[in-house]
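Peer 1: So that we are looking at the same thing, I have put the structure below in structure tokens.
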Amino acid sequence: MSGLTPDRLSLNTATLREQWNLAQCIEGCARHGFGGIAPWRDKLQEMGVSQAARAIRDAGLRVSGLCRGGWFTASGAVDQAVIDDNRRAVDEALEIGAECLVMVVGGLPTASRDLPAAWKLVEEGLARTLDYGRETGMKIAIEPLHPMYAGDRACVNTMRQALDICDRLGPGIGCAVDVYHVWWDHELAGQIARAGKDRVMAFHICDWLVPTRDLLTDRGMMGDGVIDIPYLRGLVEAEGFDGLNEVEIFSALDWWTRDPDEVMQTIIERARTVC
Ligand code: ZN
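Read in order, the letters of the sequence shown are residues 14 to 288 in this note's numbering.
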């Protein structure tokens, strides 16, 4: 089932984080025929949200998601500053026409060993952000992260756990399915079916290298690792997902050191042959 054309791809700007600013990412996506882009907030704010919104619109790109809201747990309480920052993230997502706001929910609070307490904070933070998302019409997408990040980045680690939260919170919230985080899960097929079209809000692709040399910054280019990407794409498409395939590769040792146009060309080639 391979054969993705560039118009079905979105560039997550983390993929070229070290090489391009957002303006260059927008121009590069347009020049290489990508269908969309997914900015990170630091790059968005650096360019200026309204200027970025205009450039993205002028380039004819979709925005498959804004990365990222969340981080509800750090201080051990969901304080107003965290909620305000998430509301700003919703506003930014609206301004650039993002299809969802991606949430990385946060790991354990500093010096805490109380995982259930962290889960409670996350659900409270998500509920409060979702209220604003519903008010404004922005979808909220929980990105379950691989369990190796439960301590420091996200204590929502499987699709089942994310969908249990979605069930409790109701409409307007779903999942960002990132193959890097969920490929190993024996329940994945069933949980994607459970999510259905409305709750699969984004699909992120890269590959899992064996061995992985760094827990955060050693993701692989599609085709260089062990993830069966066509199979996973088939699962989300079977539910009716018709969004873009967002390429998100953190790669300090390899792709961040390369010429950005070479990276873009490689993505296009791999999308055609192995995705
Ligand atoms: Zn992702």
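Quick reminder that beta carbons are idealized off the backbone N, C-alpha and C, glycines included. A quick note: this is a predicted structure, and the numbers were derived from the prediction, not measured.
Can you list, in chain order, the stretches of the beta strand (DSSP E) that have 3 or more residues and sit fully within the segment 70-143?
Peer 2: The qualifying runs are 79-83, 114-117.
Peer 1: Closer than 6 Å: is that where the CB of Glu261 sits relative to any heavy atom of the ligand ZN?
Peer 2: True, at least one ligand heavy atom lies under 6 Å from that Cβ.
Peer 1: On the three-pair Cβ rule with 8 Å, is the segment 221-231 touching the segment 248-258?
Peer 2: Counting Cβ pairs under 8 Å, fewer than three are found: no touch.
Peer 1: Exposed or buried, Pro52, counting other C-beta atoms within 10 Å across all chains shown (16 or more means buried)?
Peer 2: Counting Cβ neighbours within 10 Å, Pro52 comes out buried, since at least 16 surround it.
Peer 1: Does the Cβ-Cβ distance between Val62 and Glu105 come in under 7 Å?
Peer 2: Yes.
Peer 1: Could you tell me the boundaries of the beta strand (DSSP E) in which Ile280 lies?
Peer 2: From DSSP, Ile280 is part of no beta strand (DSSP E) but of the alpha helix (DSSP H) over 273-287.
Peer 1: With a Cβ-Cβ cutoff of 7 Å, do Leu143 and Ile109 count as a contact?
Peer 2: Contact flag unset, no.
Peer 1: Quick one: does the C-beta of His159 sit closer than 6 Å to a heavy atom of the ligand ZN?
Peer 2: False, no ligand heavy atom lies under 6 Å from that Cβ.
Peer 1: Thinking C-alpha only, which one of Leu128, Arg81, Glu137 is nearest Glu112?
Peer 2: Of the listed residues, the one whose Cα sits closest to Glu112 is Arg81.
Peer 1: To the nearest angstrom, report how far apart Glu148 and Glu137 are at their CA atoms.
Peer 2: Cα to Cα, the separation comes out at about 17 Å.
Peer 1: Smallest Cα separation from Lys210: which of Tyr193, Ala189, Leu222, Leu29?
Peer 2: That would be Ala189, whose Cα lies nearest to the Cα of Lys210.
Peer 1: With a CB to CB cut of under 6 Å and the five nearest residues on each side skipped, what residues in its chain are close to Arg141?
Peer 2: Closer than 6 Å at Cβ, skipping near neighbours: Ile96.
Peer 1: With DSSP collapsed to three states, give me the class of Leu35.
Peer 2: DSSP places Leu35 in helix when its eight states are reduced to three.
Peer 1: Quick check: does the Cβ of Trp191 come within less than 6 Å of any heavy atom belonging to the ligand ZN?
Peer 2: One detail in the question is off: residue 191 reads as Asp in this sequence, not Trp. Yes, the Cβ of Asp191 comes within 6 Å of a heavy atom of the ligand ZN.
Peer 1: Per DSSP, what are the beta-bridge partners of Gly233 in this structure?
Peer 2: Asp220, per the DSSP bridge assignment.
Peer 1: Mind checking which residues open and close the beta strand (DSSP E) that includes Gly187?
Peer 2: Where Gly187 is concerned, the enclosing beta strand (DSSP E) stretches over 186-191.
Peer 1: If distances are taken between C-alpha atoms only, which option among Ala154, Arg70, Glu31 comes closest to Ala43?
Peer 2: Ranking the options by Cα distance to Ala43, first place goes to Arg70.
Peer 1: Are the CB atoms of Gly41 and Met277 within a distance shorter than 7 Å?
Peer 2: The answer is yes: Cβ separation under 7 Å.
Peer 1: Can you round the beta-carbon distance between Ala87 and Thr123 to whole angstroms, since I take them to be within the 8 Å contact cut?
Peer 2: So it is a contact: roughly 7 Å between Cβ atoms.
Peer 1: Comparing the CB of His45 with every heavy atom of the ligand ZN, is any distance shorter than 6 Å?
Peer 2: No, Cβ of His45 sits at least 6 Å from all heavy atoms of the ligand ZN.
Peer 1: Answer yes or no: the CB of His199 versus the heavy atoms of the ligand ZN, is any distance below 6 Å?
Peer 2: Every heavy atom of the ligand ZN is 6 Å or more from the Cβ of His199, so no.
Peer 1: Can you tell which of Gly78, Leu201, Ile178, Ala175 has the C-alpha that lies nearest to the C-alpha of Glu261?
Peer 2: Among Gly78, Leu201, Ile178, Ala175, the Cα nearest to that of Glu261 is on Gly78.
Peer 1: Which residue comes first and which comes last in the beta strand (DSSP E) that contains Glu259?
Peer 2: Start and end: 258-260.
Peer 1: Name the one or two DSSP bridge partners that Ser23 has.
Peer 2: Answer is Gly49, Glu259.
Peer 1: Could you give the distance in angstroms between the alpha-carbon of Asp20 and the alpha-carbon of Phe47?
Peer 2: Between Asp20 and Phe47, the C-alpha separation is close to 5 Å.
Peer 1: Please check the pair Gly83 and Gly120, which I expect to be a contact at CB under 8 Å, by giving their CB distance rounded to whole angstroms.
Peer 2: Contact doesn't hold; Cβ gap of about 10 Å is too wide.
Peer 1: Specify the secondary structure class of Ile155 as computed by DSSP and reduced to three states.
Peer 2: Reduced to three states, the DSSP call for Ile155 is strand.
Peer 1: Is it buried or exposed, Met60, if we count other Cβ atoms within 10 angstroms and call 16 or more buried?
Peer 2: Its Cβ being crowded by 16 or more others within 10 Å, Met60 is buried.
Peer 1: Where does Ala208 fall in DSSP's three states?
Peer 2: Looking at Ala208 - three-state DSSP - the assignment turns out to be helix.
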